[in-house]
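In the order they appear, the protein sequences are chains R and U.
Following the working numbering, the numbering of the first sequence begins with 309 at its first residue and continues without gaps.
Following the working numbering, the numbering of the second sequence begins with 309 at its first residue and continues without gaps.
By construction, the Cβ of each residue, glycine as well, lies at the ideal position given by its N, Cα and C atoms.
Number of protein chains: 2
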Amino acid sequence: MYQLTARDIRRRNRFCVLQAVYAASGHTSRQQIAQATGLSFATVGNMIAELLEVGVLAELGYEAAGIGRPRAQLAINPERGRLIGVDIAETCIHVDVFDLAMTVLRSTEIPVDPAATTPDDIVESIVHGIGEVVAGDADRVLGVGLSVPGLVEPDTGTSVFSPYWHWQQVPLKVLLAPQLPYPLYLDNPLKASTAAQLWFGAGRDVDDLIVVTLRAGVGIGVVIDGLLYRGVTNSAGEWGHTNLVLDGRACPCGRNGCVEAYVSAPGITATLREIAPGSPLLASDDAATLAAVAAAACRGDSTAVAVIERTGTYLGVAIANLVNLFNPRRIVFGDLVARQLGVPLLEATRRAAAHHAMSDPFAAVTLELDPLPHNPASLGAATFALEGFLADRETFTSVSARRTRRTDAPA
Amino acid sequence: MYQLTARDIRRRNRFCVLQAVYAASGHTSRQQIAQATGLSFATVGNMIAELLEVGVLAELGYEAAGIGRPRAQLAINPERGRLIGVDIAETCIHVDVFDLAMTVLRSTEIPVDPAATTPDDIVESIVHGIGEVVAGDADRVLGVGLSVPGLVEPDTGTSVFSPYWHWQQVPLKVLLAPQLPYPLYLDNPLKASTAAQLWFGAGRDVDDLIVVTLRAGVGIGVVIDGLLYRGVTNSAGEWGHTNLVLDGRACPCGRNGCVEAYVSAPGITATLREIAPGSPLLASDDAATLAAVAAAACRGDSTAVAVIERTGTYLGVAIANLVNLFNPRRIVFGDLVARQLGVPLLEATRRAAAHHAMSDPFAAVTLELDPLPHNPASLGAATFALEGFLADRETFTSVSARRTRRTDAPA
Ligand SMILES: [Zn+2]
Ligand SMILES: [Zn+2]
Numbered sequence: 309m310y311q312l313t314a315r316d317i318r319r320r321n322r323f324c325v326l327q328a329v330y331a332a333s334g335h336t337s338r339q340q341i342a343q344a345t346g347l348s349f350a351t352v353g354n355m356i357a358e359l360l361e362v363g364v365l366a367e368l369g370y371e372a373a374g375i376g377r378p379r380a381q382l383a384i385n386p387e388r389g390r391l392i393g394v395d396i397a398e399t400c401i402h403v404d405v406f407d408l409a410m411t412v413l414r415s416t417e418i419p420v421d422p423a424a425t426t427p428d429d430i431v432e433s434i435v436h437g438i439g440e441v442v443a444g445d446a447d448r449v450l451g452v453g454l455s456v457p458g459l460v461e462p463d464t465g466t467s468v469f470s471p472y473w474h475w476q477q478v479p480l481k482v483l484l485a486p487q488l489p490y491p492l493y494l495d496n497p498l499k500a501s502t503a504a505q506l507w508f509g510a511g512r513d514v515d516d517l518i519v520v521t522l523r524a525g526v527g528i529g530v531v532i533d534g535l536l537y538r539g540v541t542n543s544a545g546e547w548g549h550t551n552l553v554l555d556g557r558a559c560p561c562g563r564n565g566c567v568e569a570y571v572s573a574p575g576i577t578a579t580l581r582e583i584a585p586g587s588p589l590l591a592s593d594d595a596a597t598l599a600a601v602a603a604a605a606c607r608g609d610s611t612a613v614a615v616i617e618r619t620g621t622y623l624g625v626a627i628a629n630l631v632n633l634f635n636p637r638r639i640v641f642g643d644l645v646a647r648q649l650g651v652p653l654l655e656a657t658r659r660a661a662a663h664h665a666m667s668d669p670f671a672a673v674t675l676e677l678d679p680l681p682h683n684p685a686s687l688g689a690a691t692f693a694l695e696g697f698l699a700d701r702e703t704f705t706s707v708s709a710r711r712t713r714r715t716d717a718p719a
Numbered sequence: 309m310y311q312l313t314a315r316d317i318r319r320r321n322r323f324c325v326l327q328a329v330y331a332a333s334g335h336t337s338r339q340q341i342a343q344a345t346g347l348s349f350a351t352v353g354n355m356i357a358e359l360l361e362v363g364v365l366a367e368l369g370y371e372a373a374g375i376g377r378p379r380a381q382l383a384i385n386p387e388r389g390r391l392i393g394v395d396i397a398e399t400c401i402h403v404d405v406f407d408l409a410m411t412v413l414r415s416t417e418i419p420v421d422p423a424a425t426t427p428d429d430i431v432e433s434i435v436h437g438i439g440e441v442v443a444g445d446a447d448r449v450l451g452v453g454l455s456v457p458g459l460v461e462p463d464t465g466t467s468v469f470s471p472y473w474h475w476q477q478v479p480l481k482v483l484l485a486p487q488l489p490y491p492l493y494l495d496n497p498l499k500a501s502t503a504a505q506l507w508f509g510a511g512r513d514v515d516d517l518i519v520v521t522l523r524a525g526v527g528i529g530v531v532i533d534g535l536l537y538r539g540v541t542n543s544a545g546e547w548g549h550t551n552l553v554l555d556g557r558a559c560p561c562g563r564n565g566c567v568e569a570y571v572s573a574p575g576i577t578a579t580l581r582e583i584a585p586g587s588p589l590l591a592s593d594d595a596a597t598l599a600a601v602a603a604a605a606c607r608g609d610s611t612a613v614a615v616i617e618r619t620g621t622y623l624g625v626a627i628a629n630l631v632n633l634f635n636p637r638r639i640v641f642g643d644l645v646a647r648q649l650g651v652p653l654l655e656a657t658r659r660a661a662a663h664h665a666m667s668d669p670f671a672a673v674t675l676e677l678d679p680l681p682h683n684p685a686s687l688g689a690a691t692f693a694l695e696g697f698l699a700d701r702e703t704f705t706s707v708s709a710r711r712t713r714r715t716d717a718p719a
């Protein structure tokens, strides 16, 4: 059983307070934060003082309250620094520069040449992309987060395995460090999307949620009690390769019948081929096929409706299993498939899940589409950098040491 | 995000220290406890002083250490009180009286008359059973724990739904309270078995494990970071009714293809019927059939071997899904099916899980048979009472208030 120290609690409370400020999107007050977080007013005051002192928050003046003292209005100080989010995908590398209010200042996309995908090639593209957008802000970058597909070791910054480029144990952080003199944070897109939802999306008002990412591959991020659940070796949430159909379709992972083989973009294309071989909805690539299915379903095309219905059945069964096992408060569906098939897929999924899940946990959960307008992988990667900055002992320990004399854990 | 208070931490540390004492099975020292728990020596000393003061622990004298001061030997004080565990099952009610070292002092079993299963009938049997075994210890009972099948609301002590008797919203605790003047704790057998493993079995040296119960029904208890995971409405871990075979066998829950329909005792009987209709291994009830299959497999009977192999494949796929989703350190299999089919089933399950699980989380987990000799549901129910006693504010707050002046949470 791991020991919780006062520092753990302090860091957790700091995250908690700041998440409430972001959730208020604009400005807020100590009173509102105390109400939103359930933390004591004293704790909130303490955290706010610390965040003001390091310049993360700014006071905007006072708002007259109906009764009593006017309330100081607080907001994120966007100019405190810059965060960079990098989403490394199969065909392109997306780079965003954010201010501390997580507003995108500048973005770029560097295409990935399919003939140049060695680790050195990718590192060069990342460095090049960041150089393009960092501009005059190079001195103000607090950290860089990278969303790296496949199996990632965040502690060492290693890409253990990439599904696209057959990398093995690539020490990405070590390769990047000489050219990027910032704190670097790596994890996979599922973890990144989950962090983005947790801070800025579906997790702002819910502590127990599951973020389902549906694109070429599929996967989930599980948030338990406000924290990303990682399992004992950071491999938790491998939902994409749980078994859905015994002895079913071949999956890119080499197994048969995985969830991914049915509800990913290629999986849905396969379902379309099964229902209507040679259908005119089959386009040049999976994304175009999904767009065609979505448009056709709008017109009431029976093939498109059947594809969405069957996909919703597959997804609903797989989601019901998650509902039964994790008993979460909310499940949010994001990325390509969710953007293209949206509400019709959500409705079909909900019907199937309602049948397959146990009634008690199903009654406790809501199924929703991703509310975030931005690329969640890049935003989430930048969120890793934000979390890293906020957990930084050098920035915060000296402040907290001055602010309180009781920093040791109660026995 | 819920707020951790100093009291939460203190209670958690108290559980942690006491679990280490139980794990030492006999006697131990402050030094060994600090080593086993990872807690600081100061924290351990503080907890031990408190536990000695309330009489839960006793000092047995000193053992000369090789170097330095002799070490005080500590042990549970079995005479501090009595705990009662009740396992309510379909055909009988099992009652155990434990001393505080969790040694069974006396047991009894009250058969359940299939014609008398109203809540009042069952309450009468429970009270009668406890009266039979409590003997001269009535004044020393610290609490009574009850393992109640089906859906249970621990906070209100309500049996929301029983799979055997078609109860709905039975306020069991309210019905029992007038006749049992002790603190009462209710939860289902899965939660009870998990608590038993956590304190006294497979969870003694592992903080992240899954306890799989395989009998007429099947289910799991999930332990994350040393704590039973309950989900947002105490419904987490409904693995028995996750989908294993799309459009598969009918399950008693009314759905099709649930895990339970394949790996429960009746599910295995159904597999035997599929493989060899009219097989001489089919006995009068599922338990006898399992015993016949186990004995025949020992002799190399091909039907019995095939039944175990196929059951292992079903179980292995369902376990692989858990490995992928939860990434635990250990999975332990207990109850009727595991006791009867033991190692052969475990080996077949391991082979199938190795194929279906992702290699990374599979490498991190061990699959094992339940190491506990005792009825885990009754032991676990008594463990709820132990936990309740240890969390009791009246017993411990006055002591801790005397022992320390800093009991408020760090801000
Ligand atoms: Zn797969
Ligand atoms: Zn079922």
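Asked	Found
First and last residue of the uninterrupted alpha helix (DSSP H) at GLN477/R	Note, GLN477/R: premise wrong, no alpha helix (DSSP H); beta strand (DSSP E) at 476 to 478.
Closer than 8 angstroms to chain U by CB, GLY458/R	no
Residue(s) in a DSSP beta bridge with LEU517/R	VAL531/R, ARG638/R
Terminal residues of the beta strand (DSSP E) in which GLN381/R lies	379 to 384
Positions along the segment 449 to 479 of chain U whose CB lies within less than 7 angstroms of some CB in chain R	LEU459
GLU568/R beta carbon near ligand 1 (any heavy atom closer than 7 angstroms)	yes
CB contact check: PHE704/R to chain U, cutoff 8 angstroms	no
Residue-level contact to chain U via CB, THR541/R, 8 angstroms cutoff	yes
Near-chain U residues of the segment 614 to 625 of chain R - C-beta to any C-beta below 9 angstroms	THR621, TYR622, VAL625
Beta-carbon proximity list for ALA628/R, same chain, < 6 angstroms, skipping 5 on both sides	ALA661, HIS664, ALA665
Where the alpha helix (DSSP H) through CYS606/R begins and ends	594 to 606
ARG581/R versus ASP594/R - alpha carbon distance	12 angstroms
Coil, strand or helix - ALA510/U by DSSP	coil
Near ligand 1: HIS549/R beta-carbon under 7 angstroms from a heavy atom	yes
Check whether ASP395/R and SER455/R have beta carbons under 8 angstroms apart	yes
Chain R residues whose Cβ lies nearer than 8 angstroms to that of PRO560/U	Residues of chain R passing the Cβ test: none, with the nearest at roughly 13 angstroms.
Under the three-state DSSP convention, the category GLU432/R falls into	helix
LEU633/R vs SER572/R beta-carbon contact at 8 angstroms	no
Cβ-heavy atom distance, ARG523/U to ligand 2, below 7 angstroms	no
Best match in ALA578/R, GLU358/R, TYR490/R for proximity to PHE692/R [C-alpha to C-alpha]	TYR490/R
Per-residue DSSP class, three states only, for PRO419/R	strand
Straight-line Cα distance separating VAL651/U from ILE583/U	21 angstroms
First and last residue of the uninterrupted alpha helix (DSSP H) at TYR570/R	568 to 571
Cβ contact (3+ pairs, closer than 8 angstroms) linking the segment 446 to 466 of chain U and the segment 510 to 519 of chain U	no
Beta-bridge partners of VAL403/U, as assigned by DSSP	VAL394/U, THR416/U
Through-space distance from ALA671/U to ARG714/R, alpha-carbon basis	With a pLDDT of 41 at ARG714/R, under the threshold of 50, the modelled position of this residue cannot be trusted, and the question is left open.
7 angstroms Cβ cut-off: residues of chain R touching LEU698/U	Result: empty, since nearest Cβ-Cβ is about 14 angstroms, beyond 7 angstroms.
Below-8 angstroms beta-carbon distance, ASP732/R vs any chain U residue	There is simply no residue 732/R to check, as chain R begins at 309 and stops at 719 in what is shown.
Exposure of GLY586/R, with buried meaning 16 or more beta-carbon neighbours within 10 Å	exposed
ARG557/R: CB within 7 angstroms of a non-hydrogen atom of ligand 1	no
Ligand 1 heavy atom lying under 7 angstroms from the CB of ARG563/R	yes
Cut-off 6 angstroms between Cβ atoms - residues of its own chain near ILE370/R, not counting five sequence neighbours on either side	Per the sequence shown, residue 370/R should be read as Tyr rather than Ile. PRO378, ALA380.
Pick from SER686/U, ASP533/U, GLY620/U that is closest to GLY575/U, judged by C-alpha positions	GLY620/U
Beta-carbon spacing of GLY539/R, ASN551/R below 8 angstroms	no
Any C-beta of chain U under 8 angstroms from that of ARG338/R	no
Beta-carbon spacing of GLY393/U, ALA604/U below 8 angstroms	no
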